[in-house]
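In what follows, a structure is listed as structure tokens, so that the remarks can point back to it.
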Amino acid sequence: MPKAWIQQRKKDYYYKKAKEEKYRSRAAYKLFQAIEKYHFMKSGDVVVDLGAAPGGWIQAARKVVGSKGFVLGVDLKSIEPFSQSNVRTFIGDLTKLETLEQILSALPGKADVVISDASPNISGIWEVDHARQIDLAEQSLKIALETLRFSGSFFVKVFEGDLLNNFIAKMKEHFEIVRIIKPKASRVKSSELFILGMRLRKGVN
Ligand SMILES: C[S@@+](CC[C@H](N)C(=O)[O-])C[C@H]1O[C@@H](n2cnc3c(N)ncnc32)[C@H](O)[C@@H]1O
């Protein structure tokens with residue numbers, strides 16, 4: 026990692042806060058801020074977290090759902106285990122059908138919320154990164170549609186760019202309410218945004 030980048034990160038407010046409050050990533054605050062504003066996750070919910078390593082969103086979701094909920098995290102990379110019995114993780118590629126099957130067999134029931142912070146390795150070529158990010162968002166949407174209950178919610182990371190409107194149109198086909206969110210904890214310079222779909226029109230039977 027470049028030295029300037031490491032120094033910049035150390036000055037970052039949410040980076041420091043995450044260290045102090047023992048969150049595995051500063052990204053935890055993006056999820057907390059979105060939930061605080063839109064109330065799409067609550068105590069007792071069953072949550073699927075796609076692209077979950079190192080586990081900041083898992084920690085944030087577990088805090089919201091509490092001991093009666095359930096959080097399942099999936100990533101290409103291994104995730105250091107959690108002590109709580111209602112948090113489970115496994116290594117998987119969200120673009121593979123077998124991963125959907127593994128998710129379905131690990132869930133205690135239909136999911137209330139699917140969240141996806143999955144991100145490709147950044148190439149630095151804007152069009153390529155944007156297209157890969159939208160592709161991961163679309164694959165995540167497919168998993169959400171196969172796992173969510175009627176009226177469930179889906180929160181997903183995207184990058185700004187010309188494929189975004191088409192993705193938002195797809196979200197609107199499936200969710201009654203669709204919002205574009207830029208949480209305070211998301212760096213202003215970053216082109217990342219989050220799309221929230223609430224009230225899934227047709228859940229899994
Ligand atoms: C920004 S990080 C997620 C951070 C996480 N939300 C947290 O709070 O700790 C993005 C993650 O997406 C994962 N990822 C990228 N492509 C994936 C794929 N096809 N399947 C599963 N995970 C993927 C990466 O391995 C990486 O860990």
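Under this note's numbering, the residues of the sequence shown are numbered 26 to 230, in order.
Glycine included, each C-beta is placed from N, C-alpha and C at the ideal position.
The model shown is predicted, which means the values in this text are computed figures rather than measured ones.
Taken through DSSP and simplified to helix, strand or coil, Val96 comes out as strand.
At a threshold of 7 Å, Ser130 does not count as near ligand 1, since its beta carbon sits no closer than that to any of the ligand's heavy atoms. Cα atoms of Ser108 and Val89: separation of roughly 16 Å, rounded to the nearest angstrom. Just so you know, the alpha carbons of Leu221 and Val153 end up roughly 23 Å apart. In this structure, DSSP gives Leu166 a helical state, which the three-state scheme calls helix. Between Leu119 and Val139, the C-beta gap is not smaller than 8 Å, which leaves the two residues out of contact. Proximity to Ala53 across Ile159, Gly69, Ala85 peaks at Ala85, based on C-alpha coordinates. Distance from the CA of Asp74 to the CA of Phe179, rounded to the nearest whole angstrom, comes to 10 Å.
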